[in-house]
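Each remark here refers to the structure printed beneath this line.
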Amino acid sequence: MSESATRLPIESADPAEDSRLFRRCLGLYGTGIAIITMENAGQRAAVTVNSFASVSLDPPLVLWSISHTSRSYPLFKAGGPFAVNILASTQMGVSRHFSSKIEDKFADADWSPGQHGSPLLHGCLAHFECETYAQVEGGDHTVLIGLVRRASRFEGEPLLFAQGQYSVAYAHPEVSAAPEVSGPKPEMPSQAGIIPQIFEAHHLLSAVFDEHRHAEGLDIPVARVIACVYDIPGLKAEQVARVTYLGQRDTEDALATLAERGMLVSGTAGELTLTEAGKRLREAIQTRWRNFQRDQMAGIPEADLRTTQKTLSKLISQNRAPN
0 MSESATRLPI ESADPAEDSR LFRRCLGLYG TGIAIITMEN AGQRAAVTVN
50 SFASVSLDPP LVLWSISHTS RSYPLFKAGG PFAVNILAST QMGVSRHFSS
100 KIEDKFADAD WSPGQHGSPL LHGCLAHFEC ETYAQVEGGD HTVLIGLVRR
150 ASRFEGEPLL FAQGQYSVAY AHPEVSAAPE VSGPKPEMPS QAGIIPQIFE
200 AHHLLSAVFD EHRHAEGLDI PVARVIACVY DIPGLKAEQV ARVTYLGQRD
250 TEDALATLAE RGMLVSGTAG ELTLTEAGKR LREAIQTRWR NFQRDQMAGI
300 PEADLRTTQK TLSKLISQNR APN
């Protein structure tokens with residue numbers, strides 16, 4: 000019997016009895032991120048989704064789903080034209096902005112009206128301008144099927160979301176290697192490959208460190224949240240979502256998990272702090288992380304580490320959003 004056939008699940012339950020487990024399992028399926036926009040009778044609406052998918056080429060149909068509890072649900076339910084804005088890898092801030100509870104999300108956004116009036120966000124990877132073709136009720140969501148009247152694409156790379164975190168696409172090591180050729184290999188400028196290498200290193204190291212998180216009963220979103228509240232006690236849920244780069248739903252799930260385990264408490268104004276048990280758990284993860292870093296850095300010259308740290312600090316400082 001193969002090793003994969005004998006692997007035991009980290010967790011398993013009936014989704015009807017544990018909706019957060021169900022969402023964690025769904026979160027393992029990586030997706031792109033889209034913002035659906037609409038304007039109807041002077042009212043604008045926007046929702047951030049990762050449920051977007053193609054349905055048909057003839058006629059050209061796409062679909063997405065919206066929660067019945069969304070503030071924008073009544074406007075989209077009424078039907079009419081809407082636009083699907085596919086976010087580029089440079090638009091993580093746009094995703095966070097439109098996922099927030101800001102009342103007028105368009106006031107500080109760059110956009111222009113499409114052919115049927117739906118807002119088209121600037122800087123996106125693609126736009127699909129649609130008419131509502133059909134609606135299908137599915138539990139606590141409605142699936143909207145759109146007939147695409149105009150499709151546009153632009154240069155760039157997609158913004159992705161998986162396992163509770165934003166990410167970008169990079170070639171798999173098994174398929175990205177160039178075929179062997181005779182003769183000397185051409186030198187590639189170091190600048191051309193450093194950013195993909197940073198992303199690849201991040202994801203590989205995170206995957207390797209997963210066994211340490213699992214040993215403490217944590218997944219990536221819960222680990223990020225407990226680290227955030229440990230470092231900055233007193234934050235509220237929306238602030239934690241912003242600091243950790245997690246979506247509001249993933250943040251709330253992680254907070255609920257920690258609260259159920261007696262690791263976190265919420266004050267009367269919603270301020271969050273860790274209990275003594277929560278602090279001990281965070282410190283245990285910190286110890287594992289320090290040992291992990293020591294093992295990973297072993298054998299790398301100190302001068303190389305200082306140069307790498309200086310380069311990364313420069314990249315972080317020039318791209319960090321102002322407070």
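If you're matching positions, the sequence shown starts at 0 in numbering that gives the first Met the number 0 and goes up one per residue. Ideal placement from N, C-alpha and C gives every residue a C-beta, glycine not left out.
So what's residue i in DSSP terms, helix, strand or just coil?
i: C123; result: coil
i: N49; result: coil
i: F208; result: helix
i: G324; result: The structure shown has nothing for residue 324, since the chain only spans 0 to 322.
i: Y229; result: helix
i: A302; result: helix
i: A150; result: strand
i: F105; result: coil
i: A12; result: coil
i: S166; result: strand
i: P73; result: helix
i: P118; result: strand
i: G31; result: strand
i: S189; result: The predicted model places S189 with a pLDDT of 46, which falls under 50 and marks its position as unreliable; any figure quoted below should be read in that light. Here S189 sits in helix by DSSP.
i: Q196; result: helix
i: S55; result: strand
In whole angstroms, give me the CA-to-CA distance for residue i and residue j.
i: Y165; j: L120; result: 19 Å
i: A302; j: H202; result: 24 Å
i: S312; j: G26; result: 30 Å
i: P58; j: I65; result: 23 Å
i: G137; j: P73; result: 16 Å
i: L143; j: C129; result: 11 Å
i: D218; j: H115; result: 43 Å
i: D109; j: P8; result: 44 Å
i: Q308; j: L245; result: 25 Å
i: R19; j: P300; result: 44 Å
i: D13; j: T256; result: 17 Å
i: A214; j: R279; result: 14 Å
i: F21; j: N49; result: 16 Å
i: E38; j: G155; result: 27 Å
i: N84; j: A44; result: 13 Å
i: S94; j: R223; result: 19 Å
i: Q247; j: P80; result: 27 Å
i: T36; j: R287; result: 44 Å
i: G29; j: F198; result: 15 Å
i: W63; j: S71; result: 14 Å
i: A15; j: S111; result: 42 Å
i: I193; j: G78; result: 46 Å
What does the Cβ neighbour count give for residue i, buried or exposed, with the cut at 16 atoms within 10 Å?
i: G277; result: buried
i: M296; result: exposed
i: E179; result: Note that E179 scores 48 on pLDDT, short of 50, meaning its location in the model is unreliable and no value can be drawn from it.
i: T306; result: exposed
i: A87; result: buried
i: L326; result: It is not possible to answer for residue 326, since the shown part of the chain is limited to 0 through 322.
i: I292; result: According to the sequence as given, residue 292 is Gln; it is not Ile. Counting Cβ neighbours within 10 Å, Q292 comes out exposed, since fewer than 16 surround it.
i: H126; result: buried
i: E102; result: exposed
i: S11; result: exposed
i: V326; result: Absent from the model: residue 326. The displayed extent of the chain is 0 to 322, so no value can be given.
i: D90; result: The residue you asked about is not Asp; residue 90 is Gln in the sequence shown. Per the 10 Å Cβ criterion, buried.
i: T5; result: exposed
i: Q190; result: Its pLDDT being 46, under 50, Q190 is placed unreliably in this model, and the coordinates cannot settle the point.
i: R319; result: exposed
Any heavy atom of the ligand SAH closer than 8 Å to the CB of residue i?
i: S117; result: Within the structure as shown, the ligand SAH is missing, as the structure has no ligands at all.
With 9 Å as the threshold, decide whether the Cβ of residue i is near any Cβ in chain D.
i: T310; result: No chain D appears in this structure, which consists of one protein chain only.
Stretch-stretch touch, CB-based, cutoff 8 Å, three pairs: the stretch 259–276 with the stretch 233–248: Because the criterion of three Cβ pairs below 8 Å is met, the stretch 259–276 and the stretch 233–248 touch.
Any chance you could list the alpha helix (DSSP H) runs of at least 4 consecutive residues sitting entirely within the stretch 260–303, in chain order? If we require 4 residues or more, the alpha helix (DSSP H) runs fully inside the stretch 260–303 come out as 275–296.
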